[in-house]
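Chains as they are written, first to last, in my numbering: chain E, 180 to 599; chain D, 31 to 194; chain X, 23 to 660; chain Y, -10 to 305.
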């Protein structure tokens, strides 16, 4: 991604959105090049938030890492550890007890409810519709409280651990969980109706910053962003984990791809999440909650989980020691954010801001070093393109070494099938 | 009682700066505005520009990238202003203390440009909203002390020019 | 001294003739010394302007004088140089001399060293000759001759410009010439029907088709000169290439004065209009206001933008006169005076900007308020005045026009009132753009403004602007004075005897209808500002701290990317359905009568051209046909 | 009117309106809070905000044109002060001509918007510039229907710009609001007032989450306090303007005080409710809304009023 470039013929203005801007909770620098109110070009500068989590992870023990990756992003704080844990569990080859599976499902789905309601509120706030903001956050509050009740914290839950859950949710609390999610159902319905019926909201959301089906595939977006563009991908269904194949729920998709569709996907997914939580509570068996993993054997594995924003992907490699030797994280916003270029250019500034919010970006997830510089001279050693080419070369080398088919051949037909 | 400090206590405009946080603190800050906590009762509102702000809520470890920008932002804020470090990261870098990409602590960064800055700390990961309200109350007490210690200037050492 | 010499001496020494003689002579000297000694031409024209200003003032303030010298007497046809110092006419003459003087002063610095400097002064003097003659003329033919002189000088002055100026000068000459031709036709018609060319003796009720045609022809001439839609397109075309001084002198002030003088005289004194004709005038006024200001809003060339406003403001004058209500007419005439003041000022500031940076392209300008503080202040005052912000002069005259519309009372007048108020807001919009992009914001790097042009020894450049800006303030805050001393006499002169306007010390009032007290309002506003300054003192604003501008905390290498360019300002308006297409068509000259005339007139010319085949026998046969027709006519008449 | 009396009226009118404005802002914030299930600020909050800002430091951006940047808020406030003083005097003493008429009041009310734009432009900030361009477009959009709505009232009350007569005719006869065209014009004017106050859905000039604080981004300390005070005054003054033009004016004696107060509070709450039940519009949408939707409605009202006057039908 380029640094600040010049205005063309003095006709363009840079409208800097960030790094500190009320629109976003995290430091990111969006460069909106505008002519009048129209955004003619966009660029993104990240890395303000780069905290070196992957490197830090290799200095923590396997049991400590979940606490660290919980803090990749506060709103996905149950899914990042879960993805990591699934990777480690794959290395260990252990089987998670059913009760733990159900309990993990409960927490991730409760988090999804709170995250989606949070998004609805923030979207309202970004549109200047503070009443929606206040109402949505008010209705989200019981979820926060029940999360605190069952995990001990409002935000970072530290609920899952390798081989199970850290703390068993006692059966007595199950009724509270049902009551909390039930209390959300009515308000969410009301919010959904309000969003669907309000003509002014329609004027602001429908046909705004449309991400077409093709662009959604081209930019490899995930989660609600993809599902709102008619790409029905959801890790929970495509590669079920925990209890998601044991309960009954639907993947919500809408074909339009505009901001309205994204709002609808999130609102309807909230209902699905409530359904899942209630089924999980109903079906949760008694028994062990921990498989008792002692040590992690050498090996490598991936784990991926559907976060509220999309697919969270973790790769872990172990050499049999106490710490992972490599831990690679790809958070959903990292693939969702660049789709701005497809959906936002040519839109109004006002639309672009709500469109940015519409992918529910979590910039904390996106932190990468995009440019490698010599620390002494400040000269660029490698730019983003070279780095990408390097990684492609390396993948090819790995494929050759391991004697597996190239990625396109392996996954190409399946992808086509899936997307069709 | 000095009217400047009295009114400052009664009306705190807050600007929120994320200096490399994980969002937990940030959503809890927003939570403060919502019906559950409603800090507007105390005259606290969130504003869109640091020029209007009386309080800079800094969350997150101050990464090396952010350091310079945070200082710049502090200089751009109208004084007197209180810097409130929210969360373990902003206090003492929390879990990220050993990371390679983290700059100095937030208070060190601010003190570098203004040694007399008023800095409040709210521990927790993330701190509960109640804790943040408590921090505001403690800040009020600090402001009372400062008001008693007038005419000591609150924010000297900043470039000042005469004339308009 | 012999008799005839005595006669000539009396003639040129006559107070009505003398200003013309002075300027004509000064122009001659300036022209002759143009190449060799520009200093002389500069000096002579400056002196001439001063002298003429004094002379015209004496005409305005003095008793009624008349001059009537017959120079051609053929049976019925009696052509004479008839002049008189009617209040309105001498006001116009005085105005012309005043603006001529200011422009000459400003030109001392601005035009110094230009290749055509001397000739500029010559044409300036001759323009004044024509303008004064036209304003004081009492004979239609004499009026036409002087009027033509102004047109010719305008053509020559525009020709002095840079770039594509010959083309735009030709366009100007074509369009005004068309108007003048219309006037000639109207004069002949009037002469034939009324039997006299004396303006003072004419009084025609507009009722028959012939009188309609006569009035419309005069109207075309007046509107082409003043530049109202659709005869306005020469002004924006000329603006790009001509120097700002020429624009400040002619299209901004003199042409407005003359055009509106003609329109007012003919529509009020010479002709008595019926409702339909007044409605036509009002519609032309309203359309001019809106169409031109819409075009102006989207311009990003400073002088072109100003020139569209020079068109738009004519709408208020035409509208005011068109209401036919004394108060509206007063508004129209006052607006004419005011417009000349602030538009000259604006063009002079545009000239200063251009001189400083070498460009009028607003996208390349920025942050000039620091470099050109005096220019900036004058521009701000004039811009607010033209936008009709109380208590400046533009507000008073616009307000009078509004009152005129309301008291005219017809639904059409009410709609025109809405158009006028809205046009005022649109005017404000484009001047906000000018102030924001040219004078404020980050300075652009490609036109590095270094060392202001005002400063040392550049007093002459700043003086006219300052005088005009002060006049904007003065005529606004003490509006009673110009109304009493300039507008009302002119009003009486064009035959509007009784105005319902009550001009008190404290307020201008139309009993039961409206009220505007500029002095108390100014006083109260100043008091409010003083109160605010008091608040600032309490808050210790005297010591401000300078910090980088807040752009989200990021530190940018190049601040000029933050400049909000002129082309972007009203992009949204251009994108409005319906409006956008019309504006883009307008920008491409789809509604330009000159261009349309060129396109469709071309075919006509082609026919004529084909007749000129170069074959002698053809010409001879045409001549024969002509002779036969004349013979037949003579036979029929005799 | 004597100079001393004028000055007295200005001081009294401005301070009175400012106090009323503080209360109006509090009502606005309180109602907003109640709509949002919150408690809301204490009654003195808006005043304390201003006092606090008075005690703060003034920061000026480096690229700003200093004088213009600092003086424009003052001129804006002065314009608002004069406008409200005129409104008060002409409401309370119907026969007295004070400074100007309805047109002058309308122009005076436009001055704060104008100075906001100029101040924002002078600050040299891109967000503020974008906000200024939006504010100007907004001014253009609402000025057209507002003028027409004002004319409807003028036609109803005998064709005079004088506010004394507009109010007097309503108090003798019936309110402008008591006719079809009056209701239409009032609704149009109410929405215009919403835009003039820069409240949602027409707050795009300072749209917080798009362009930070928009036109006010660079202001701090006392200048910001002055801006706040101007806005609070307008929040009190523009409902009074509406009452004056459409609802028979404000009276401060006897029972009509209560009626005036009720009218004021109803308009205020209406404005607050509109701002709390709508998202922000885009600037082009608001232009379209005002020009292509409200202007025809206003023209319809104007037509009805003209027909009503022509044929002596009061209720049209």
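Where is the CB? At the ideal position from N, CA and C, for every residue including glycine.
Can we say the region 93 to 110 of chain D touches the region 62 to 72 of chain Y, given the rule of at least three CB pairs closer than 8 Å?
no
Cβ-based burial, residue 273 of chain Y [other Cβ within 10 Å; buried from 16]
Walking along the fourth chain from the start, residue 273 of chain Y turns up at place 284. Label assigned to residue 273 of chain Y: buried.
Does the beta carbon of residue 525 of chain E come closer than 8 Å to any beta carbon on chain X?
Counting from one through the first chain, the residue named residue 525 of chain E turns up at place 346. For residue 525 of chain E, the answer is no, since every Cβ of chain X falls outside 8 Å of its Cβ.
Euclidean distance between Cα positions of residue 9 of chain Y and residue 76 of chain Y
Numbered from its first residue, the fourth chain carries residue 9 of chain Y at position 20. Numbered from its first residue, the fourth chain carries residue 76 of chain Y at position 87. The straight-line gap from Cα to Cα measures roughly 14 Å.
Whole angstroms are fine: how far does the CA of residue 486 of chain X sit from the CA of residue 367 of chain X?
If you number the third chain from 1, residue 367 of chain X lands on position 345. If you number the third chain from 1, residue 486 of chain X lands on position 464. So the two alpha carbons sit approximately 8 Å from each other.
Alpha-carbon spacing of residue 236 of chain Y relative to residue 229 of chain Y, whole angstroms
For the purposes of this step, residue 236 of chain Y is taken as residue 247 along the fourth chain, with counting starting at 1. For the purposes of this step, residue 229 of chain Y is taken as residue 240 along the fourth chain, with counting starting at 1. Going by the C-alpha atoms only, they are around 9 Å apart.
Kindly indicate which three-state DSSP category residue 291 of chain Y falls into: helix, strand or coil?
Within the fourth chain, numbered from 1, the residue matching residue 291 of chain Y stands at position 302. Three-state result, residue 291 of chain Y: helix.
Helix or strand or just coil, what does DSSP make of residue 455 of chain X?
Indexing the third chain from 1 puts residue 455 of chain X at position 433. Three-state DSSP puts residue 455 of chain X in a helix.
Could you please give me the residues that DSSP links to residue 340 of chain E through a beta bridge?
To locate residue 340 of chain E, count along the first chain from 1; it is residue 161. In DSSP, residue 340 of chain E forms a bridge with E:343.
Please tell me whether residue 540 of chain X has its Cβ less than 8 Å away from any Cβ of chain E.
Numbered from 1 along the third chain, position 518 holds the residue referred to as residue 540 of chain X. Answer no: the Cβ-Cβ gap between residue 540 of chain X and chain E never drops below 8 Å.
Straight-line gap, residue 493 of chain E to residue 246 of chain E (C-alpha atoms, nearest Å):
The count along the first chain starts at 1 and reaches residue 493 of chain E at position 314. The count along the first chain starts at 1 and reaches residue 246 of chain E at position 67. Using only the alpha carbons, I get a separation of about 15 Å.
For residue 203 of chain Y and residue 126 of chain Y, what's the separation of their Cα atoms in angstroms?
Walking along the fourth chain from the start, residue 203 of chain Y turns up at place 214. Walking along the fourth chain from the start, residue 126 of chain Y turns up at place 137. Rounded to the nearest angstrom, the two C-alpha atoms are 14 Å apart.
For residue 481 of chain X, does the count of other Cβ atoms within 10 angstroms reach 16, so buried, or fall short, so exposed?
Working through the third chain from its first residue, we reach residue 481 of chain X at position 459. By the neighbour-count rule (16 or more Cβ atoms within 10 Å), residue 481 of chain X is not buried but exposed.
Exposure of residue 281 of chain X, with buried meaning 16 or more beta-carbon neighbours within 10 Å
Residue numbering aside, residue 281 of chain X sits at position 259 when the third chain is read from its first letter. Per the 10 Å Cβ criterion, buried.
Can you find the residues in the same chain that come closer than 6 Å, C-beta to C-beta, to residue 36 of chain D, ignoring five residues on each side of it along the sequence?
Taking the second chain and counting its residues from 1, the one referred to as residue 36 of chain D is at position 6. Excluding positions up to five away in sequence, the list is empty.
Which residues does DSSP list as the beta-bridge partners of residue 536 of chain X?
Reading the third chain from its first residue, position 514 is the one you call residue 536 of chain X. Paired residue(s): X:532.
Anyone know if the C-beta pair for residue 27 of chain Y and residue 313 of chain E falls short of 8 Å?
Here the question's residue 27 of chain Y lines up with position 38 in the fourth chain. Here the question's residue 313 of chain E lines up with position 134 in the first chain. Contact flag set, yes.
Contacting positions in the region 71 to 87 of chain D - beta carbon closer than 8 Å to chain X:
79, 80 and 81
Spatial neighbours of residue 71 of chain X within its chain, please: C-beta separation below 6 Å, excluding the five flanking residues on both sides.
One-based indexing of the third chain puts residue 71 of chain X at position 49. Cβ within range, chain order: 122, 123 and 126.
Verify the CB distance criterion: does residue 40 of chain D have a CB-CB separation below 8 Å to chain E?
Locating residue 40 of chain D in the second chain gives position 10, where the first residue counts as 1. So no, residue 40 of chain D is outside the interface.
At a Cβ cut of 9 Å, what residues of the region 121 to 137 of chain D count as close to chain E, listed as they run along the chain?
124, 125, 126, 128, 129, 130, 131 and 132
With H, G and I counted as helix, E and B as strand and the rest as coil, what does DSSP make of residue 114 of chain D?
The residue you call residue 114 of chain D lines up with position 84 of the second chain. In the structure shown, residue 114 of chain D sits in a strand (DSSP, three-state: E or B).
Buried or exposed: residue 163 of chain X, going by 16 or more other Cβ atoms within 10 Å of its Cβ?
Position 141 of the third chain holds residue 163 of chain X. With 16 or more other Cβ atoms within 10 Å, it is buried.
Residues bridged to residue 103 of chain X by DSSP?
As a working note, residue 103 of chain X is residue 81 in the third chain. According to DSSP, which records beta bridges pairwise, residue 103 of chain X is partnered with X:91.
If you follow the beta strand (DSSP E) that residue 485 of chain E is in, where does it begin and where does it stop?
Position 306 of the first chain, counting from 1, holds the residue named residue 485 of chain E. Taken as a continuous stretch (DSSP letters only), the beta strand (DSSP E) holding residue 485 of chain E covers 478 to 486.
Cβ atoms of residue 248 of chain X and residue 325 of chain X: under 8 Å apart, would you say?
Taking the first residue of the third chain as 1, we reach residue 325 of chain X at position 303. Taking the first residue of the third chain as 1, we reach residue 248 of chain X at position 226. In this structure, residue 248 of chain X does not lie closer than 8 Å to residue 325 of chain X by Cβ.
Residue 207 of chain Y, DSSP secondary structure in three states
Counting from 1 along the fourth chain, the entry for residue 207 of chain Y is found at position 218. Coil at residue 207 of chain Y, not helix or strand.
To the nearest angstrom, how far is the alpha carbon of residue 148 of chain Y from that of residue 64 of chain Y?
As a working mapping, residue 148 of chain Y is identified with position 159 in the fourth chain. As a working mapping, residue 64 of chain Y is identified with position 75 in the fourth chain. So the two alpha carbons sit approximately 31 Å from each other.
Please list the partners that residue 196 of chain E has in chain D, where partner means a Cβ-to-Cβ separation under 7 Å.
Locating residue 196 of chain E in the first chain gives position 17, where the first residue counts as 1. Residues of chain D passing the Cβ test: none, with the nearest at roughly 12 Å.
Coil, strand or helix - residue 507 of chain E by DSSP:
If you number the first chain from 1, residue 507 of chain E lands on position 328. Reduced to three states, the DSSP call for residue 507 of chain E is strand.
Using the three-state DSSP reduction, which class does residue 164 of chain Y fall into: helix, strand or coil?
Stepping through the fourth chain from its first residue, residue 164 of chain Y is reached at position 175. Correct three-state label for residue 164 of chain Y: coil.
What residues in its chain sit with their C-beta under 7 Å from that of residue 495 of chain X, if we drop five residues either side in the sequence?
In the third chain, the residue the question calls residue 495 of chain X occupies position 473. Closer than 7 Å at Cβ, skipping near neighbours: 403 and 414.
Given 8 Å as the limit, is there contact between the region 562 to 571 of chain X and the region 529 to 545 of chain X, that is, 3 or more CB pairs closer than that?
no
State the DSSP-derived secondary structure class of residue 368 of chain E, mapped to helix, strand or coil.
In the first chain, residue 368 of chain E corresponds to position 189, counting from 1. Looking at residue 368 of chain E - three-state DSSP - the assignment turns out to be helix.
Count the other C-beta atoms from every protein chain shown that fall within 10 angstroms of the C-beta of residue 596 of chain E, then say buried if there are 16 or more, exposed otherwise.
Mapped onto the first chain, residue 596 of chain E falls at position 417. Under this definition residue 596 of chain E is an exposed residue.
One question on the structure: do residue 200 of chain Y and residue 62 of chain Y come within less than 8 Å of each other, judged by their Cβ atoms?
The count along the fourth chain starts at 1 and reaches residue 200 of chain Y at position 211. The count along the fourth chain starts at 1 and reaches residue 62 of chain Y at position 73. It is not a contact, given that the beta carbons lie outside the stated cut-off.
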